[in-house]
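Chains as they are written, first to last, in this note's numbering: chain A, 5 to 372; chain B, 5 to 372; chain C, 5 to 372; chain D, 5 to 372.
There are 4 protein chains.
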Amino acid sequence: MTGNIIGERFVLTSFGESHGKCIGAVIDGCPAGLKLAEEDIQRDLDLRRPGQSIVTTQRKEGDVVEIMSGTFRGYSTGAPIMAIIRNQDQDSRAYEAIVNTPRPGHADATAKAKYGGFNDYRGGGRFSGRITATFVMGGAIAKKLLKETLGVEIIAYTRELGGMRAENFTLDDARKNRYANDVRCPDPVLAEEMRRKVIEMRGKGDSLGGIVECVALNVPTGLGEPVFDSLDSDLAKIALSIPAVKGVEFGAGFASTRMTGSQNNDLYQMSEGKMTSASNNAGGILGGISNGMPIVYSVAFKPAASIAAKQRTIDTEKEQEVDLVVPGRHDPTVVARAVPVVESVTALVLADHAIRAGFIAPVLKSVE
Amino acid sequence: MTGNIIGERFVLTSFGESHGKCIGAVIDGCPAGLKLAEEDIQRDLDLRRPGQSIVTTQRKEGDVVEIMSGTFRGYSTGAPIMAIIRNQDQDSRAYEAIVNTPRPGHADATAKAKYGGFNDYRGGGRFSGRITATFVMGGAIAKKLLKETLGVEIIAYTRELGGMRAENFTLDDARKNRYANDVRCPDPVLAEEMRRKVIEMRGKGDSLGGIVECVALNVPTGLGEPVFDSLDSDLAKIALSIPAVKGVEFGAGFASTRMTGSQNNDLYQMSEGKMTSASNNAGGILGGISNGMPIVYSVAFKPAASIAAKQRTIDTEKEQEVDLVVPGRHDPTVVARAVPVVESVTALVLADHAIRAGFIAPVLKSVE
Amino acid sequence: MTGNIIGERFVLTSFGESHGKCIGAVIDGCPAGLKLAEEDIQRDLDLRRPGQSIVTTQRKEGDVVEIMSGTFRGYSTGAPIMAIIRNQDQDSRAYEAIVNTPRPGHADATAKAKYGGFNDYRGGGRFSGRITATFVMGGAIAKKLLKETLGVEIIAYTRELGGMRAENFTLDDARKNRYANDVRCPDPVLAEEMRRKVIEMRGKGDSLGGIVECVALNVPTGLGEPVFDSLDSDLAKIALSIPAVKGVEFGAGFASTRMTGSQNNDLYQMSEGKMTSASNNAGGILGGISNGMPIVYSVAFKPAASIAAKQRTIDTEKEQEVDLVVPGRHDPTVVARAVPVVESVTALVLADHAIRAGFIAPVLKSVE
Amino acid sequence: MTGNIIGERFVLTSFGESHGKCIGAVIDGCPAGLKLAEEDIQRDLDLRRPGQSIVTTQRKEGDVVEIMSGTFRGYSTGAPIMAIIRNQDQDSRAYEAIVNTPRPGHADATAKAKYGGFNDYRGGGRFSGRITATFVMGGAIAKKLLKETLGVEIIAYTRELGGMRAENFTLDDARKNRYANDVRCPDPVLAEEMRRKVIEMRGKGDSLGGIVECVALNVPTGLGEPVFDSLDSDLAKIALSIPAVKGVEFGAGFASTRMTGSQNNDLYQMSEGKMTSASNNAGGILGGISNGMPIVYSVAFKPAASIAAKQRTIDTEKEQEVDLVVPGRHDPTVVARAVPVVESVTALVLADHAIRAGFIAPVLKSVE
């Protein structure tokens, strides 16, 4: 029961429950001298917050972050940074009604078994998508650190939603458009189609899955600590900590399994006096180490498990099958909201590895 | 540079290089009282060993394991178990010739950059597939521990090779057939087709990728430590430590992204007085915790990077493009050899989590 | 800069600064099903709190703890427990005046060097004795867990203060008396002498050191994970994390260096049908493993570094020697306040090791 | 049972048993580019080896180290360094005779309890002083790394033996003399007295304890990661992993508890344009961080538990008291042999912290 801490040198401890008093994060290992204020975190939290568009749940979460420790006069101090969001707008009554009828596709049954029934099940407790706000808290700090020290830029977007796949877009389209539409799609035309499909699915009381793709630029060559703390290993580990994620692939990923070696190998070339590769099927990682090309990886989100339609489950007290209608309002898809979360977890891993590999010093040069 | 240790309570330290004196593993955390001898490890090593069939490289590796510490009178003692394989049949000359012309798709360039050129590049050094024998050393012990304490059975097999996908087989077919053919396919008919394609590809000097699927049976409900040390997170992390792996998916995985929630959710049912689910799109893991259903996940292997065909690369001394013909004999595919490796890493994670969650005691009951 | 997390299975993350918004702790790994409320923690915090007697600093700290996560309906849930104390009554002006004149015996100069001047120096920041309240938060939970599952009792007391050493007392005296006098001495008569000497020293603007001895009863045989995570190793590590601690010894400790083997060895005997030992020079630990005898160890506290008397230091801006009078009110000794802190850190280590060794299950039996 | 790994960035995994096939160590995290050969390790091992003088046990151990991985062409590669010593000259018969009569002062009883009787008890198994040779293997590499990158010099010596305390010597005396006499004393005259007392005690079948003091020079300001991974915390932890250690103190240590603050505080002064302190009661560590002064700490060794004299113990099968004469030849003191071990563990901690704090890069500049 000690799985709530991640990272080696830039370490996130996540705490809090969906309907408890708060959610929050402690970051241990942030170098001293990073200019940091609540708005740096709030910006990313706002991108993740529900209730912001028709395609996500209508629950209003203020999600106002407060930094409680680790900064002084506007800069990180080298001490642990604790940040917190107080919960509000919780109505937990619906969860009492279904405590003995685990929702299919959710962690209700596994959590109950694991924690002997002591877990806080309200709103899914620790298993709520809400917990990803704590990833964003840490990720926002990591992003800023990476940007200011190495110029790293991280761009995630909805590559696919309900089977509709964005094919015609540039990275610059993604940079500009992803947060300009409700579904976080780099292609505004497809975005509108996706949006319609989400609304249609909401009407049916059903939900959609999709794929978030993430690109990280300006990552220096040499991040990753093989054989086990490979860069892709650590990205995969944290991506799979996001609720509803069922798969991860790097570069050509599963598609590469159907290529031949001569098709898949990225041939080296000189470009503007620099060694680079003509293609990027490797997704910027070879042997678990970043190779200077953009890091590219994809995260598969299953359709949201909370649906309005009636489903078959078990009444665990009576030990018999019953019909369940999950009460409350639901996200018809988590994909759109997951986009800033994927950016955040990517930043957490890159910051951790950049410090491990000596690319970011314990005290930043920007000391006054 | 400290990424060679994995696990929390059943901990593997991997060491050694492809063309160095040896490869080996230290297991710290194996409970005392496990009956253990070299043949328990040798059996799995033999399944991984190259030179055993026409579809893999012709290099002869004896791969004879020796347990050097941690057992006494045939049982594990609770002390670290060190096991070693001495290397033999190495001809490193070919690697000297290509030290300045990094092989496309390999870690040559990233390793050189990361380790300042000090890395042992012979045979790929730490980045050789050979290093996975150290995973098998640890995994064989984990497998035995899991089997004797919990009855866990782990079955991996080649689900797909060069685009040919096994569809018509039962788990029992896989159990019986996978190690009875060269390509580790559960379907003997398809296996023969796969084998032919591998030989054809070898003739062309090219290579194939594929997908290894892994099933773990009798895993108790409650393994996994969310939010970060989720069971799927830790399986994904270690799977991506295997060279050539570019993706991982659990249960329906990427396919689930194209389903609706009502299609994808596994509905609960009573079956022989036990709560179970009608389908297993979740792959046996909900909320990062095992749910009592079989663990099912897939690992994507890119086509082997070492191909006989001429490829474009850079001469890093002269800083200009050159043609490279990678010398030596190569695996036309790593998929077949990876099957026991995937079983091994699965066992490592399950053993670690079973101990963490209290399902395996520090001293086994089977004390004489 | 990632040293604020300790433990393997019962893990404390400490955060906060002396004059920041708050101090607090996250406990990850507390088993589910422990009855837990704020008063369980408050009780121990009150014993540590300054301003409670004439022998300690007059600063008034409310030190009211609030549990923010990890409990539900009065029980621990298995999720991380976050607890916080909001700071109050801080006057930081004095610290501005001395920012360039490091106080002798304090961490002012080392912290400034390490964190590039970005550290929050007000009130000593992370180096304040106040941070030990976060150890007490975690320790109080550990204590309750140990008591309810194993019946462990932890009794620390002032063994020596300003050279006056308690010699005539029983463990039961310590149990009853230690918190009944200001100096936490098991002997009430000596306590009064100690108290007078503290007051005298306060009058002189000077300070006293001393030794806290700690006894843990009912610790099961088998705690400790040699060779490195020995029980004494982990107790020593955390004890030396308490500010002002300069030494630790177990059982006969330094005195044993002057004995012969025949004098120091604890001979085994049968007592009431149980194997025990006639003496306890080992302090209850052999080979790094608890042996069933009481754990006994001592922690050396230097005299408090903050004294009212004028001291020589350096003006780091002008790079010249100056006289410094440290402003504010000071503890004439930290020993008395350290007693519950030593109990707390002992509990943290014992709980962590009891879980590691399988003596405490992830879910307590006391489920409703 | 996973306590055999220590360090965060310079990580030692220790394995092997006293009478098993071998003892050895894996170092993960050694930067690439360190010139390293077996003689670098052998030198320190030879200083620790028994059988070298009249004051230690007469067992002949070759203790020939072999580096098995992690170096290439004479330099560290960044991969794990595995080094091994094959055991020889073992006669385990004596241990069979006493398997049910635990030796007082040894780990026999605790190990048997902890590992359910499966532990390899021959020669003390993992609890033998012989295991400290694995600390020396790692420590020798750490020493060389520290010396070549930072100029750190580590000097330990016998400060006290059997109550005789060296008082009249300089650090330079210690540097020159400690390995020039059998008892590792900085004062050659006292060394001769100590030696005589050891021989006298051997004649009586008894043993002596003592204190090893260790000084580390040229340690940069800023090592240590408070609050928990303080430099003194980590030194204490590893020192207490050495068998027979019962206490640790830094600088004035326990003596400081009897000083007043005005006596104990080290006043700052300017010396040759550098801020320094007039005294070093702090032992070079303030707030858990090195302050640029020499690190000075002392380690208390109890008298060796193995004595020739008859002792009372329990026959655990018959559950009754019996007399025991521990067979074999014994060290009349472990203090002399512990001197290079204390140097080694000090080096391990300093190297780890120097890497953590960014003072040593992942690749050394000395690349060819």
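Glycine included, every Cβ here is placed at the ideal spot set by N, Cα and C.
Coarse secondary structure for residue i, derived from DSSP in three states
i             : result
residue 297/C : coil
residue 274/C : strand
residue 221/B : strand
residue 338/C : coil
residue 141/D : helix
residue 370/B : For residue 370/B, the predicted structure reports a pLDDT of 48, less than 50, and the residue's modelled location is therefore unreliable. The matter cannot be settled from this model.
residue 52/A  : helix
residue 128/A : helix
residue 114/A : helix
residue 171/D : coil
residue 157/A : strand
residue 290/A : strand
residue 152/C : helix
residue 12/A  : coil
residue 136/B : helix
Span of the alpha helix (DSSP H) around residue i
i             : result
residue 267/C : 265-268
residue 198/B : 192-207
residue 92/D  : Careful: residue 92/D lies outside any alpha helix (DSSP H) and carries neither H nor E.
residue 3/A   : There is simply no residue 3/A to check, as chain A begins at 5 and stops at 372 in what is shown.
Neighbourhood of residue i by C-beta distance below 6 Å, restricted to the same chain and skipping five residues each side
i             : result
residue 160/A : 216, 218, 343, 346, 347
residue 372/D : Bear in mind that a pLDDT of 48 at residue 372/D, under 50, signals an unreliable position, so the number given afterwards is only what the model happens to contain. Cβ neighbours of residue 372/D beyond the five flanking positions: none.
residue 331/A : 98
residue 328/B : 105, 315, 317
Contact check, residue i vs residue j, beta carbons under 8 Å
i             : j             : result
residue 80/C  : residue 35/C  : yes
residue 111/B : residue 257/A : no
residue 49/A  : residue 29/A  : no
residue 248/D : residue 305/D : yes
residue 117/D : residue 207/C : no
residue 33/D  : residue 6/B   : yes
residue 353/C : residue 242/C : yes
residue 137/A : residue 44/A  : no
The beta strand (DSSP E) enclosing residue i, as first and last residue numbers
i             : result
residue 251/D : 249-254
residue 319/C : 315-319
residue 16/C  : 15-20
residue 328/D : 324-328
residue 73/D  : 69-73
residue 364/B : No beta strand (DSSP E) holds residue 364/B; DSSP gives it neither H nor E.
Proximal residues to residue i (C-beta, below 7 Å), its chain only, five neighbours per side dropped
i             : result
residue 26/A  : 20, 88, 89, 90, 91
residue 244/D : 252
residue 240/A : 252
Cβ-based neighbour list, residue i, same chain, cut-off 8 Å, excluding 5 preceding and 5 following
i             : result
residue 324/D : 318
Residue i beta carbon near the ligand PLP (any heavy atom closer than 7 Å)
i            : result
residue 97/C : Of ligands this structure carries none, so the ligand PLP is not represented either.
Using 8 Å as the Cβ pair cut-off and three pairs as the minimum, do the segment 183-190 of chain D and the segment 230-250 of chain D touch? The segment 183-190 of chain D, when compared against the segment 230-250 of chain D, does not touch it at the 8 Å Cβ threshold.
Three or more beta-carbon pairs under 8 Å between the segment 310-325 of chain A and the segment 254-272 of chain B, yes or no? Taking a contact to require three or more Cβ pairs closer than 8 Å, the segment 310-325 of chain A and the segment 254-272 of chain B qualify as touching.
So, do the segment 348-366 of chain A and the segment 150-157 of chain A have three or more beta carbon pairs nearer to each other than 8 Å? Put simply, the segment 348-366 of chain A touches the segment 150-157 of chain A. At least three CB pairs are less than 8 Å apart.
Any 3 or more C-beta pairs closer than 8 Å across the segment 198-207 of chain B and the segment 190-207 of chain A: The segment 198-207 of chain B, when compared against the segment 190-207 of chain A, does not touch it at the 8 Å Cβ threshold.
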